[in-house]
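Data block below; observations after.
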Amino acid sequence: MRVLADRRGDAREETRERLSRRLVAEFAPLSAETVRRCVADVLACMTHLGVEPTPAVVERMAREHLIGMVKSEPPSGRVGPWSGRERERAAPPGPDAAR
1 MRVLADRRGD AREETRERLS RRLVAEFAPL SAETVRRCVA DVLACMTHLG
51 VEPTPAVVER MAREHLIGMV KSEPPSGRVG PWSGRERERA APPGPDAAR
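Position 78 of the sequence shown, counted from 1, bears residue number 78 in the UniProt record's numbering, the numbering being contiguous throughout.
Shown next as C-alpha cells:
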C-alpha cells in the first residue's frame, strides 16, 4: 500500500511541476512561486472536495485564478500609500470624532 501511495504522490508532484512550468511561462507578471502556490492550492482544494484533480481541470482552474490576480493588479503595478488601514488612519476625523 505504501508503494502505491508514493507512486500516486510522485505522479501528482510531476503533474504539479509540469503545470506550474507551463503557467509560469504564460503569467510572466507573477512570480514563479505565486504560480506554483496557486497550482498546489487548486490541487489541494479539488482533493479536499473529492473532485478528481485531472491535469486539464487543474490547469483550467489555476489559469482562472491567475487571470484574476493579473487583472486585479492596479495599473501602477503596486499598491499605493492610500490603501487599506493607512487611509482610515490618515482620514480627517468625522463629526462624531469630538465626542
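Note that the Cβ used here is the ideal one computed from N, Cα and C, for glycine as well.
As the structure is a prediction and not an experimental result, all values here were calculated from the model.
If you check the beta carbons only, do residue i and residue j fall under 7 angstroms apart?
| i | j | result |
| --- | --- | --- |
| Glu-59 | Leu-30 | no |
| Ala-56 | Cys-38 | no |
CA-CA distance, residue i and residue j?
| i | j | result |
| --- | --- | --- |
| Ala-25 | Arg-16 | 14 angstroms |
| Val-35 | Leu-66 | 7 angstroms |
| Lys-71 | Asp-10 | 33 angstroms |
| Thr-54 | Glu-73 | 29 angstroms |
| Glu-14 | Arg-21 | 11 angstroms |
| Val-3 | Ala-44 | Residue placement at Val-3 is poorly supported in this model, since its pLDDT is 37, which falls under 50; the coordinates still yield a value, given next. Each residue's Cα considered, the two are about 21 angstroms apart. |
| Asp-41 | Thr-47 | 10 angstroms |
| Arg-12 | Gly-50 | 15 angstroms |
| Ser-76 | Met-69 | 14 angstroms |
| Leu-23 | Ala-32 | 9 angstroms |
Start and end of the alpha helix (DSSP H) containing residue i?
| i | result |
| --- | --- |
| Ala-44 | 32-49 |
| Pro-55 | 55-72 |
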